[in-house]
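**Student:**
Number of protein chains: 2
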Amino acid sequence: MTRVTLKDVALEAGLSTTQVSRALNDHNDVANATKEHVRRVAAEMNYVPNLDARRLQDPALRTGSIGVVIPTETLRFSDPFFGDLLSSMVAEAGEHGMQLRLSTPPIETDVLAPYDESIRHMRVDGFVLVRTLVDDPRVDFLLDRGFPFVSFGRPESSDGFSSVDASPGAFGTVISHLKGLGHRRIACLAEPPQFAIAAHRLASFQLAIAPHVRAGLFCEPTIRVAGFHEDDGLAAARTLLSEPNPPTAIVALNDLLAFGTLHAAVELGLVVPDDISVVGFDDIASARLVTPSLTTLHQSASEVGGLLIEELVPLIESNSNTNSERLIEPSLVVRNSTGPAPRRS
Amino acid sequence: MTRVTLKDVALEAGLSTTQVSRALNDHNDVANATKEHVRRVAAEMNYVPNLDARRLQDPALRTGSIGVVIPTETLRFSDPFFGDLLSSMVAEAGEHGMQLRLSTPPIETDVLAPYDESIRHMRVDGFVLVRTLVDDPRVDFLLDRGFPFVSFGRPESSDGFSSVDASPGAFGTVISHLKGLGHRRIACLAEPPQFAIAAHRLASFQLAIAPHVRAGLFCEPTIRVAGFHEDDGLAAARTLLSEPNPPTAIVALNDLLAFGTLHAAVELGLVVPDDISVVGFDDIASARLVTPSLTTLHQSASEVGGLLIEELVPLIESNSNTNSERLIEPSLVVRNSTGPAPRRS
DNA sequence: GCGGTTTTCCGAAACGTTTCGGAAGACTCG
DNA sequence: CGAGTCTTCCGAAACGTTTCGGAAAACCGC
């Protein structure tokens, strides 16, 4: 019950292992008839080349695996966006004959360890970076190693690699939606700004509203940095809405924060959208299930995941990193959490 | 910039490669002083053993990877439970120094291909089977190959392997909860019964209600097989609630079906829970976000995921399959979708 | 100081593959 | 027919590790 080896095939085919190897690898110094013969023999002997021996011979051989290191944060609190992202990455990777290799850092402090380990042991061909920081040691590390990767979210200082993120123009539609409803005082609930995506979203929001503020159509928006999760949104919105002269609309930079805001409103006896409008970002599945259903910027997880892999594959093939920034266009989904601004009190 | 090899270390340490190898592997025929010396030299030379060469020598060496094949179904429709399950599996695998290897079948018809490929190429040490069928070819295949695996959900006919599922006793609490509220006519929305978990849930439900039916406390429940998703629940509940003499409570065998049921109720102008009570299963994150918030059987994804890996690891170590059935105990979370039965009309 | 044991070491072979360099045979062309 | 060129083949070495069998060195008791 031991594995069929190249030598076995050679013996059976009456050839040297050299020729069998070259026949199977379709080299051009073996007769077509021979190739055919070898292939048939190999097939009927159920020959499977030993990957390890092959890689020992040629260490540059691909593993067919893409590494994804899951941040401990995501392990503790479920991130609904992440599951879909993962699924779509697996699907797209499958299209290219590749798999995903998921790992997690053994201790939180040693961020680079899983990457180093995977590279040293040549276990993956490239990485997808998630939860990328504005100043992310992983980027420098991989850039330095010359190891192919693509990042979801773009660190500001570095250069020479590929990333995917949402188009900064996305908030334009949000602002005009709110303007159309008569809102003038807006607050923004942001994610921790050390994360590239979070910083990018906040910058996009500010970019979109700035001209309107200058034109006097909007007050200077209140920015509050919350966390990632519903509880963070709840806490932040609670204080925000209890302060004097509260905003009439709150733009949360992810849906969970928006959910927290909805809860805060209920707590304080405010009706959404009559007293306060709420906008989210991501359009996770529950966004249309909450009450009131959430107006939010739809960002397709499957599109992001597909794009990440699509960007990575050529990098893996050329074994290099090239500069590229792909932006996907989120679209505003208007539901029931936004409405006309309440009359000035 | 080429890798440091054993020979390099041997040269530097003034020993043979044999002794260096044995020193690093802590064999007992090498002097302690030598071991120490070799270790120091290896460390300062930054020596990393070549995994491929090692595995070529000893093919039984572990890869440190656990295979998970994602069903195409899950790729197309997002399954909120699945993301959390995956996260917890990665976390638990990490505890044991292992990673997850995610792949997807190239064509739907060829269910076994990814498993076969992974085994032939010795890419994983074991598998976690998800979306296991009542009659699942993968189980027979892996059993036949003697390849370690653990299944989420238990096929009925086979034996001699490990599985994890929800305890069948779970529905007892649901039934008594509903009984306490005065319900007598119950319907059940089931998932497609070819799936082991689905069949198991339905059987558990029927087991729990049977004695009450015999005692005349409940009518014979109406069972409807729907799909997995909200739309399926919507369609099934719509017809169910439009029929004469409709149930006063609907037990959906997963939360998405329950969400669909809530929508159907709204469509038909029924108020939940005044006109109809709804119970779900899983307690996915959105269950407490919908309106009314969903009474449901909480099944901890992280517990399931952890248990699956925990069961698998010893199997991998012994390279065998043993019979085992771990049951986790779901707990009823009462929220606002259940209430007293409406008065007899 | 000598046979016998224990400790410590090493050379060579092996794992399964690919490639290097060369060689045998067939074919071409003058 | 002979030199030259293609085509088709093969032996041997190599990749980096571990193990097998044995051998040198050290130690023991007498």
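Note that the protein sequences, when read in sequence, are chains A and B.
FYI, in this note's numbering the residues of the first sequence are 1 to 345.
FYI, in this note's numbering the residues of the second sequence are 1001 to 1345.
Where is the CB? At the ideal position from N, CA and C, for every residue including glycine.
Since the structure is predicted, the reported quantities are computational estimates derived from the model, not experimental observations.
May I ask you to verify whether the segment 1091-1100 of chain B touches the segment 1061-1076 of chain B, counting CB pairs closer than 8 Å and requiring at least 3?
**Tutor:** Judged by Cβ distances under 8 Å, the segment 1091-1100 of chain B makes contact with the segment 1061-1076 of chain B, as three or more pairs qualify.
**Student:** Is there a Cβ from chain B that is less than 8 Å from the Cβ of H27 (chain A)?
**Tutor:** It does not: the Cβ of H27 (chain A) has no partner Cβ on chain B nearer than 8 Å.
**Student:** Among A:L308, A:P247, A:G305, which has the Cα closest to the Cα of V278 (chain A)?
**Tutor:** The option with the nearest alpha carbon to V278 (chain A) is A:P247.
**Student:** Please confirm if R1131 (chain B) has its CB atom under 8 Å from at least one CB of chain A.
**Tutor:** False, the Cβ-Cβ gap to chain A never drops below 8 Å.
**Student:** Between the Cα of F1149 (chain B) and the Cα atoms of B:I1223, B:E1325, B:E1329, which residue gives the shortest distance?
**Tutor:** F1149 (chain B) has its Cα closest to that of B:E1325, out of B:I1223, B:E1325, B:E1329.
**Student:** Using DSSP with H/G/I as helix, E/B as strand and the rest coil, what is V1213 (chain B)?
**Tutor:** Correct three-state label for V1213 (chain B): helix.
**Student:** CB F161 (chain A) to CB T132 (chain A), shorter than 8 Å?
**Tutor:** No, these two residues do not count as a Cβ contact at 8 Å.
**Student:** Quick one, are the C-beta atoms of V30 (chain A) and Q19 (chain A) less than 8 Å apart?
**Tutor:** In contact: V30 (chain A) and Q19 (chain A) (Cβ atoms closer than 8 Å).
**Student:** State the start and end residues of the unbroken beta strand (DSSP E) segment that holds R1326 (chain B).
**Tutor:** Its beta strand (DSSP E) spans residues 1324-1328.
**Student:** Could you list which residues in chain A have their beta carbon closer than 8 Å to that of A1285 (chain B), in chain order?
**Tutor:** What A1285 (chain B) touches in chain A: S78, P80, S286.
**Student:** If contact is defined by three or more beta carbon pairs under 8 Å, each pair taking one atom from either stretch, is the segment 114-129 of chain A in contact with the segment 303-314 of chain A?
**Tutor:** Touching, per the Cβ criterion.
**Student:** Around the Cβ of I1107 (chain B), are there at least 16 other Cβ atoms within 10 angstroms (buried) or fewer (exposed)?
**Tutor:** Result: exposed.
**Student:** What residues from the segment 313-337 of chain A come within 8 Å of chain B, judged by C-beta to C-beta, listed N to C?
**Tutor:** Listed in sequence order: no entries.
**Student:** Under 8 Å, Cβ to Cβ, is there at least one residue of chain A near P1106 (chain B)?
**Tutor:** Yes - at least one Cβ of chain A is within 8 Å of the one on P1106 (chain B).
**Student:** Note down the Cα distance separating F281 (chain A) from S78 (chain A), rounded to an integer number of angstroms.
**Tutor:** Taking the straight line from one Cα to the other gives about 17 Å.
**Student:** Expressed to the nearest angstrom, what Euclidean distance is found between the alpha-carbon atoms of F141 (chain A) and E1156 (chain B)?
**Tutor:** The straight-line gap from Cα to Cα measures roughly 50 Å.
**Student:** When burial is assigned at 16 or more other CB atoms within 10 Å of the CB, is R1138 (chain B) buried or exposed?
**Tutor:** Under this definition R1138 (chain B) is a buried residue.
**Student:** Using a beta-carbon distance cut-off of less than 8 Å, what residues from the segment 1157-1172 of chain B approach chain A?
**Tutor:** Listed in sequence order: no entries.
**Student:** My assumption, with CB atoms under 8 Å, is that P1330 (chain B) sits in contact with A1170 (chain B). Please give the rounded CB distance.
**Tutor:** Going by Cβ atoms, the distance from P1330 (chain B) to A1170 (chain B) rounds to 4 Å, so yes, they are a contact pair.
**Student:** Near P340 (chain A), what residues of its chain come up, given a Cβ to Cβ distance below 6 Å and the 5 sequence neighbours on each side ignored?
**Tutor:** These residues qualify, in order along the chain: L181, G182.
**Student:** By DSSP's criteria, T222 (chain A) is part of a beta bridge. Which residues make up the other side?
**Tutor:** Answer is A:A187.
**Student:** Which word fits E267 (chain A), buried or exposed, when buried means at least 16 other C-beta atoms lie within 10 angstroms of its C-beta?
**Tutor:** Per the 10 Å Cβ criterion, exposed.
**Student:** Given N1319 (chain B), which residues of its chain have a CB within under 7 Å of its CB, disregarding the five upstream and five downstream residues?
**Tutor:** Here the set comprises P1148.
**Student:** Check the Cβ of A1091 (chain B) against every Cβ in chain A and list those closer than 9 Å, keeping chain order.
**Tutor:** Correct list: I70, T72, L75, R76, T104.
**Student:** Only counting runs of 3 or more residues, tell me where the beta strand (DSSP E) segments fall wholly within the segment 1029-1117 of chain B, in order along the chain.
**Tutor:** For the segment 1029-1117 of chain B, whole beta strand (DSSP E) runs of length 3 or above, ordered along the chain, are 1065-1069, 1099-1103.
**Student:** Does V1279 (chain B) have its Cβ less than 8 Å from a Cβ in chain A?
**Tutor:** It does not: the Cβ of V1279 (chain B) has no partner Cβ on chain A nearer than 8 Å.
**Student:** Using CA atoms only, rank isn't needed, just tell me which of A:D159, A:V4, A:H37 is closest to T322 (chain A).
**Tutor:** When only C-alpha atoms are compared, the closest one is A:D159.
**Student:** So, for A1264 (chain B): in the same chain, excluding its five sequence neighbours on each side, which residues have a beta-carbon less than 7 Å away from its beta-carbon?
**Tutor:** The residues are L1234, A1237, R1238, L1241.
**Student:** Apart from the five residues just before and just after T173 (chain A), which ones in its own chain have a Cβ nearer than 7 Å to its Cβ?
**Tutor:** So the qualifying residues of the chain are L332.
**Student:** What would DSSP say about D232 (chain A), mapped onto helix, strand or coil?
**Tutor:** D232 (chain A): helix per DSSP, three-state reduction.
**Student:** Please identify, using Cβ separations under 8 Å, the residues of the segment 42-63 of chain A that lie next to chain B, in order along the chain.
**Tutor:** Result list: V48, N50, L51, D52, A53, R55, L56, P59.
**Student:** Shortest alpha-carbon distance to D255 (chain A) belongs to which of A:L85, A:I223, A:L294?
**Tutor:** If we check each option's Cα against that of D255 (chain A), A:L294 comes out closest.
**Student:** Applying the criterion that 16 or more other CB atoms from any shown protein chain within 10 Å of the CB defines a buried residue, is L1207 (chain B) buried or exposed?
**Tutor:** So L1207 (chain B) ends up on the exposed side.
**Student:** Using a threshold of 7 Å, is the CB atom of E1012 (chain B) nearer than that to any non-hydrogen atom of the ligand GTP?
**Tutor:** Because no ligand of any kind appears in the structure shown, any question about the ligand GTP cannot be addressed here.
**Student:** The beta strand (DSSP E) that contains T1017 (chain B), what's its start and end?
**Tutor:** From DSSP, T1017 (chain B) is part of no beta strand (DSSP E) but of the alpha helix (DSSP H) over 1017-1024.
**Student:** Taking only beta carbons into account, state which residues of the segment 1259-1275 of chain B come closer than 7 Å to chain A, listed in chain order.
**Tutor:** Answer in chain order: F1259.
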